[in-house]
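First the structure, in the form of structure tokens, and then the observations on it.
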Amino acid sequence: MQKSITASLLIASLCASVIASAQTHPLYKQASAPIDTRVSNLLKLLTLPEKISLLGNNSPAIARLKIDPYNWWNEGLHGIARAGEATIFPQAIGMAATFNDALLKEVGSDVSTEARAKYNLAAKMNRHLWYMGLSFWSPNINIFRDPRWGRGQETYGEDPFLTSRMGTAYVTGLQGNNSKYLKTSACAKHYAVHSGPEAGRHSFNAIVSEKDLRETYLYSFKKLVDAGVESVMCAYNRINGEPCCTGTTMLQNILRKEWGFKGHIVTDCGALDDIIGGHKVIGSREELAAAAIKAGINLECGGVLQTEVQNAIDKGLINETDVDNALRGSLSTQIKLGFFDDNKLNPYSRYGADSVHNKQHIALALQMAQQSMALLKNDGVLPLPKDKYPSMLVTGANAASVEAMVGNYHGINGDIVTIAEGIAKAAGPATAVQYDQGCDNIDTVHFGGIWASQNSDITVVVIGLTPLVEGEEGDAFLSPGGGDKISLDLPRPHILLLQKLRAASKKPIVAVVTAGSNVDIAAIEPYADAIVLAWYPGEQGGTALADILYGKVSPSGRLPVTFYKSLNDLPDYKDYSMKGRTYRYFNGSVQYPFGFGLSYTTFNYAWSKMPKAMYALADKIDFS
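In terms of our numbering, the sequence shown opens at residue 361 and continues consecutively.
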């Protein structure tokens with residue numbers, strides 16, 4: 361009898377221990393359990409209101425389960441943006457000009473290292489802030505089909521193959537190579553057929569053929585899905601009448617079923633509101649919420665789902681199982697990021713302050729900037745021998761501009777090197793370098809630096825655009841086209857400054873152009889002995905440019921976009937047919953073709969072994 365009582369007490373004790381363990385260490389927190397099992401367990405523990413609260417990018421804490429708040433919205437196109445100190449790499453279009461996907465993978469790895477470090481440090485202080493998370497809405501793999509698009513600078517250019525290679529490299533770097541944990545989660549955006557006009561992005565309907573859709577607009581997305589990108593962001597627009605964020609053709613038939621995408625789908629910010637306010641294809645907000653859930657949206661950047669899903673359920677449009685299915689994607693991503701695991705299990709939890717903007721990352725930013733810049737003209741002036749030019753003027757509206765260095769969606773730090781600073785340091789104390797702004801973007805009457813140029817051995821003029829005149833709607837607040845360009849023109853005062861400098865002196869002039877897109881180089885070509893396209897080269901842009909000017913490195917950047925002569929040579933901006941666009945379909949003459957870029961190197965071709973037979977060009981050669 362005594363043994364029976366003892367055994368019963370032991371069993372009861374064990375059961376109580378198991379129950380207590382399940383309560384304090386539930387299945388969703390057990391790192392050894394399969395992800396699907398962990399997600400299912402968490403969904404069982406959440407109430408319906410709690411589930412609905414997790415459908416938005418700004419997800420609140422679930423205090424009773426000790427789940428921290430989390431903001432999914434983080435930006436990292438070329439470094440961590442809007443979140444304090446971070447390394448600023450060249451803008452994406454400049455990195456595309458390197459054609460070096462291996463180097464871009466290194467950039468992605470450094471960006472994710474800094475993201476992990478900043479997240480770890482903030483979490484220790486119980487800070488769960490916007491832009492300080494691990495889910496990055498990058499890269500932008502839309503095709504830069506028209507030079508007017510202000511956000512083209514965020515892309516990898518006009519070629520689907522190059523875009524897919526560079527995008528895959530960046531995603532691989534961002535997400536890391538750990539078999540269990542994501543370093544950060546990457547996001548392929550904006551799905552799909554999205555590249556302006558920027559001012560109409562909340563309402564336009566992109567009409568596109570199946571050929572162009574598959575061969576141009578979807579090619580890179582398919583490649584990134586194959587590479588394991590964790591997230592896809594649906595765009596603001598419609599495609600052939602279907603809103604990108606509620607259309608089953610794109611989200612279900614192609615992305616999920618045809619391609620087998622297993623990650624989570626997030627809406628662009630405010631995209632669901634646009635479906636009612638801009639596209640006007642759905643009548644009520646609860647119908648909108650139901651349509652998004654049914655189409656496969658897992659997470660919304662916005663508040664429609666958090667406020668309207670309960671109403672949709674009450675009206676019988678969807679049910680709690682639909683909500684569970686929607687949450688599976690985002691909860692799976694959080695588990696892969698290690699949110700519910702002991703930090704000791706996650707190799708990325710070790711990153712700290714010494715992993716942010718360190719010497720190694722700064723060196724990579726310099727290397728990427730050096731490889732990004734494209735030499736467009738050189739009449740024997742470059743590289744500059746230091747002993748030949750004891751005095752120099754650096755002038756132009758962008759010579760000391762920080763905006764012209766950092767591009768859009770950028771971070772901040774105390775080590776940004778402007779072009780004027782980079783040249784002055786490289787020239788050394790034995791060279792008399794002067795700086796004068798020379799002009800602004802408006803005044804076409806008054807100019808500075810003319811006298812200084814006459815008394816200098818060489819002049820470097822830094823002109824062009826900044827992200828204030830081309831970029832995203834709202835951010836590029838000086839753009840006359842709602843973020844887009846309305847012409848290829850450089851600012852008129854910049855051209856006039858160069859003309860006046862040329863008229864005042866016959867000494868060499870080097871023009872440096874900052875831009876994120878095709879601009880009219882022909883307007884300045886007669887007045888400069890050399891022209892370098894620097895893009896928006898990041899924090900080390902000034903040093904990189906000086907290294908190229910003085911021949912420390914040879915320019916190797918190549919244009920990832922066609923430089924057209926005039927917008928009049930292109931179809932209507934709103935026409936999404938690829939006919940007459942990009943090097944693949946444009947048949948006219950251009951300023952500079954896709955892939956153009958000069959170098960300092962001279963070389964000759966010769967036979968390593970003379971062939972036994974030579975053929976004339978007209979001869980026919982058969983291959984089998």
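Just so you know, even glycine gets a beta-carbon here, dropped at the ideal spot from N, CA and C.
6 angstroms CB neighbourhood of residue i in its chain, flanking five on each side removed
i	result
Ser373	Any reading at Ser373 must be qualified, since the residue scores a pLDDT of 45, below 50, and its modelled position is unreliable; the value itself is stated next. Result list for Ser373: empty, nothing under 6 angstroms.
Ala784	Val793
Leu857	Gly798, Cys799 and Phe807
Tyr795	Val754 and Ala780
Cys547	Trp497, Ser591 and Met593
Ile692	Just to set this straight, residue 692 is Ser in the shown sequence, not Ile. Closer than 6 angstroms at Cβ, skipping near neighbours: Ile395 and Val399.
Ile422	Glu410
Tyr769	Glu435, Leu437 and Ala441
Ser690	His624, Asn658 and Leu659
CA nearest to the CA of residue i, picked from the options
i	options	result
Pro897	Gly493, Leu425, Arg476 and Gln513	Gln513
Glu570	Arg918, Leu489 and Val553	Val553
Ser926	Leu825, Gly663 and Gln951	Gln951
Glu988	Val805, Asn878, Gly788 and Glu518	Shown here, the chain extends from 361 to 984; a query on residue 988 therefore has no answer.
Thr458	Ala631, Tyr795 and Phe954	Phe954
Gly957	Lys939, Lys969 and Ala890	Ala890
Val822	Ser839, Val892 and Arg862	Val892
Pro507	Asn947, Ser968, Asp932 and Ala966	Asp932
Ile908	Val872, Lys939 and Phe923	Val872
Glu474	Ala780, Ile722, Asp796 and Glu832	Ile722
Lys654	Gln612, Ser692 and Lys934	Gln612
Pro750	Asn801, Ser555 and Gly788	Gly788
Thr667	Lys640, Leu632 and Ser692	Leu632
Asn706	Phe564, Ala883 and Leu542	Leu542
Ile614	Gly917, Lys696 and Tyr579	Tyr579
Asp586	Cys604, Tyr936, Gly527 and Ser761	Gly527
Asn801	Lys845, Arg852, Gly834 and Glu602	Arg852
Asp929	Tyr945, Glu466 and Gly917	Tyr945
Ser545	Met593, Thr826, Leu463 and Phe496	Phe496
Gly767	Gly831, Ala650, Leu387 and Lys696	Gly831
Leu697	Val568, His385 and Ala391	Ala391
Ala686	Ala393, Pro394, Ser400 and Tyr388	Ser400
His639	Leu402, Tyr596, Ser761 and Ser563	Ser563
Ile642	His550, Gly607, Lys860 and Met485	Gly607
Val913	Ile453, Asn815, Lys866 and Ala786	Ala786
Ser472	Lys845, Arg525, Asn537 and Asn502	Asn537
Cys604	Ile453, Asp572, Asn565 and Trp509	Asn565
Residue i: first and last residue of the uninterrupted alpha helix (DSSP H) it sits in
i	result
Val531	Pro520 to Gln535
Leu584	Tyr579 to Asp586
Thr473	Asp461 to Lys484
Ala452	Ala452 to Ala456
Tyr943	Thr942 to Tyr945
Val892	Looking at the DSSP string, Val892 is not in any alpha helix (DSSP H); the run it does join, the beta strand (DSSP E), is Ala890 to Leu893.
Cutoff 8 angstroms: residue i Cβ touching any chain D Cβ
i	result
Lys737	Note that chain D does not occur in the displayed structure, where there is just one protein chain.
Contacting residues, own chain, Cβ-Cβ under 7 angstroms from residue i (five flanking each side not counted)
i	result
Arg862	Ile869 and Tyr887
Asp880	Leu848, Asp849 and Leu850
Val829	Ala836, Leu838 and Ser839
Gly809	Leu753, Thr755, Asp796 and Gly798
Thr397	Leu387
Contact set for residue i: own chain, Cβ-Cβ below 8 angstroms, skip 5 residues either direction
i	result
Tyr430	Ser419, His488, Gly493, Gln694 and Phe699
Gly712	Ala477, Asn480 and Leu481
Thr791	Lys746, Tyr749, Pro750, Ser751 and Met752
Leu369	Only weak support is given to the placement of Leu369: the predicted model assigns it a pLDDT of 42, under 50, and the question is left unresolved by the model.
Cys882	Contrary to the premise, residue 882 reads as Ala rather than Cys in this sequence. Within the same chain, Ala882 has close Cβ partners Lys925 and Gln951.
Ser381	Residue placement at Ser381 is flagged as unreliable, the pLDDT there being 46, under the threshold of 50; the coordinate-derived value follows with that caveat. So the list is empty, once near-sequence residues are dropped.
Asp702	Ala391
Run of the beta strand (DSSP E) containing residue i, from where it starts to where it stops
i	result
Leu735	Ala734 to Asn738
Met593	Ser591 to Cys594
Val870	Ile869 to Thr874
Ile625	His624 to Thr627
Met752	Ser751 to Thr755
Val793	Ala792 to Asp796
Lys549	Cys547 to Tyr551
Inter-residue CB distance, residue i and residue j (contact presumed, cutoff 8 angstroms)
i	j	result
Gln900	Ala725	5 angstroms
Ile635	Leu648	6 angstroms
Leu342	Leu415	The question about residue 342 has no answer here: the residues shown for the chain are numbered 361 through 984.
Leu463	Gln727	7 angstroms
Asp572	Tyr596	Wrong, their Cβ atoms sit about 19 angstroms apart, outside the cutoff.
Residue i CB to nearest heavy atom of the ligand MG below 7 angstroms
i	result
Leu742	Within the structure as shown, the ligand MG is missing, as the structure has no ligands at all.
Entirely enclosed alpha helix (DSSP H) segments - the region 801-851, minimum 4 residues: Taken in chain order, the unbroken stretches of alpha helix (DSSP H) that lie wholly in the region 801-851 and span 4 residues or more are 810-814.
What residue ranges within the region 416-456 form continuous alpha helix (DSSP H) runs of no fewer than 4 residues, ordered along the chain? Considered as a whole, the region 416-456 harbours 452-456 as its complete alpha helix (DSSP H) runs of no fewer than 4 residues, in chain order.
Which ranges would you report for the beta strand (DSSP E) in the region 894-963 if only whole runs of at least 3 residues count? Unbroken beta strand (DSSP E) stretches of 3 residues or longer found wholly inside the region 894-963: 950-952, given in chain order.
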